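**Student:** The structure is given below, and queries will be raised subsequently.
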Amino acid sequence: MIKENLIHIREKINDVLDKRNDELQKKSFKLVAVTKNHAVEAMREAIDEGVAAVGENRVQEALEKEAALGRAAEWHLIGHLQTNKVKQAVKLFDLIHSVDSENLAVKIDLEAGRLKKKQDVLIQVNLAKEESKFGVYREDLDELVQFVDALPNLRLCGLMAIMPQGGAEVLRPLFKQMYVLFTELKRKDLQNGNIQWLSMGMTHDFETAVEEGANLVRIGTGIFGRRQY
Ligand SMILES: *Cc1c(COP(=O)(O)O)cnc(C)c1O
Numbered sequence: 000m001i002k003e004n005l006i007h008i009r010e011k012i013n014d015v016l017d018k019r020n021d022e023l024q025k026k027s028f029k030l031v032a033v034t035k036n037h038a039v040e041a042m043r044e045a046i047d048e049g050v051a052a053v054g055e056n057r058v059q060e061a062l063e064k065e066a067a068l069g070r071a072a073e074w075h076l077i078g079h080l081q082t083n084k085v086k087q088a089v090k091l092f093d094l095i096h097s098v099d100s101e102n103l104a105v106k107i108d109l110e111a112g113r114l115k116k117k118q119d120v121l122i123q124v125n126l127a128k129e130e131s132k133f134g135v136y137r138e139d140l141d142e143l144v145q146f147v148d149a150l151p152n153l154r155l156c157g158l159m160a161i162m163p164q165g166g167a168e169v170l171r172p173l174f175k176q177m178y179v180l181f182t183e184l185k186r187k188d189l190q191n192g193n194i195q196w197l198s199m200g201m202t203h204d205f206e207t208a209v210e211e212g213a214n215l216v217r218i219g220t221g222i223f224g225r226r227q228y
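Numbering that gives the first Met the number 0 puts the first residue of the sequence shown at 0, with every later residue one more than the last.
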């Protein structure tokens with residue numbers, strides 16, 4: 000099933016990419032397979048089908064899986080990062096999508112410095128100001144960008160958003176706003192940054208996200224089926 004699901008999703012993505020015809024988006028595009036609550040065997044199958052990046056939202060679960068899988072794919076942290084898990088997270092993850100406070104950024108920077116690593120990070124934006132979600136509010140974004148960019152062991156690589164529930168008519172304007180923020184961020188003169196990723200779009204909304212400029216989508220259910228909790 001995983002193989003068929005991946006074929007189906009890639010077809011949909013490629014259709015949108017072809018229609019949109021943005022060379023940079025096409026060239027850079029990355030599908031992150033969200034593997035939280037899915038078994039290592041399923042992850043292996045996806046990697047065998049060419050999945051180059053896996054996304055997890057809990058550090059402990061990712062550590063256990065990495066012990067079994069190794070570095071066969073890039074590891075992305077897509078969920079909220081508690082400061083007491085930063086040390087393990089910096090060791091494990093190639094890209095941390097969920098930086099949303101100065102405090103967390105400082106802790107990641109410190110740990111990356113200890114490991115002599117440049118840690119790639121995205122800033123998570125909470126565009127719809129949902130209280131149930133993490134992420135920096137729009138009006139605080141510029142300040143956090145400046146702050147993160149000044150930390151020597153972090154490399155700011157773009158923005159991430161988790162959208163509210165809703166149909167395309169609700170989500171499209173939000174995706175559009177994210178794309179504007181991403182474009183503005185690219186134009187900024189940064190010291191450490193290398194802005195390249197706009198991470199948005201999940202199983203129920205990835206086509207709209209890609210239509211609006213996402214070049215990194217995070218898909219779980221659409222690849223692996225329902226998660227068992
Ligand atoms: C679980 C999760 C996803 C994947 O969601 P699906 O609906 O299963 O595709 C994407 N992003 C984040 C941050 C998640 O926590």
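From the three backbone atoms N, C-alpha and C, an ideal C-beta is built for every residue, glycine too. A quick note: this is a predicted structure, and the numbers were derived from the prediction, not measured.
(1) In the DSSP assignment, find the alpha helix (DSSP H) that holds Gln-87 and state where it starts and stops.
(2) Can you name the start and end residues of the beta strand (DSSP E) that Ala-160 belongs to?
(3) Between which two residues does the alpha helix (DSSP H) holding Ser-27 run?
(4) Please indicate yes or no: does the CB of Gly-157 lie closer than 7 Å to some heavy atom of ligand 1?
(5) Got a sec? Which residues, its chain only, sit under 6 Å from Ala-167 by beta carbon, not counting five neighbours each side?
(6) Assuming Phe-146 contacts Ala-104 under a Cβ cut-off of 8 Å, what Cβ separation, rounded to an integer in Å, is found between them?
(7) Tell me, to the nearest whole angstrom, how far the beta carbon of Leu-30 is from that of Glu-65; I am working on the premise that it is less than 8 Å.
(8) Would the C-beta of Val-33 count as close to ligand 1, meaning under 7 Å from any of its heavy atoms?
(9) Helix or strand or just coil, what does DSSP make of Arg-217?
(10) Based on DSSP bridge pairs, tell me the residues matched to Gln-145.
(11) Please list the terminal residues of the continuous alpha helix (DSSP H) segment that includes Glu-10.
(12) Within its chain, find whatever has a CB closer than 6 Å to the CB of Lys-175; leave out the 5 residues flanking it on each side and keep chain order.
(13) Classify Gly-54 as helix, strand or coil using the three-state DSSP reduction.
(14) How far does the beta strand (DSSP E) with Val-120 in it extend, from its first residue to its last?
(15) At a threshold of 7 Å, does Arg-217 count as lining ligand 1 (C-beta to nearest heavy atom)?
(16) Measuring only from the beta carbon, is Asn-56 closer than 7 Å to any heavy atom that is part of ligand 1?
(17) Does at least one heavy atom of ligand 1 sit under 7 Å from the Cβ of Met-201?
**Tutor:** Let me spell this out:
(1) 85-91
(2) 153-160
(3) 22-27
(4) no
(5) In the same chain as Ala-167, and ignoring 5 residues on each side of it, the C-beta atoms closer than 6 Å to its own belong to Thr-207, in chain order.
(6) 6 Å
(7) Contact flag wrong, Cβ pair sits at about 20 Å.
(8) In this structure, Val-33 has its CB closer than 7 Å to one or more heavy atoms of ligand 1.
(9) strand
(10) Its beta-bridge partners do not exist; DSSP assigns none.
(11) 1-19
(12) Glu-211
(13) The DSSP-derived three-state label of Gly-54 is strand.
(14) 118-124
(15) yes
(16) It does: the Cβ of Asn-56 is within 7 Å (strictly closer) of some heavy atom of ligand 1.
(17) yes
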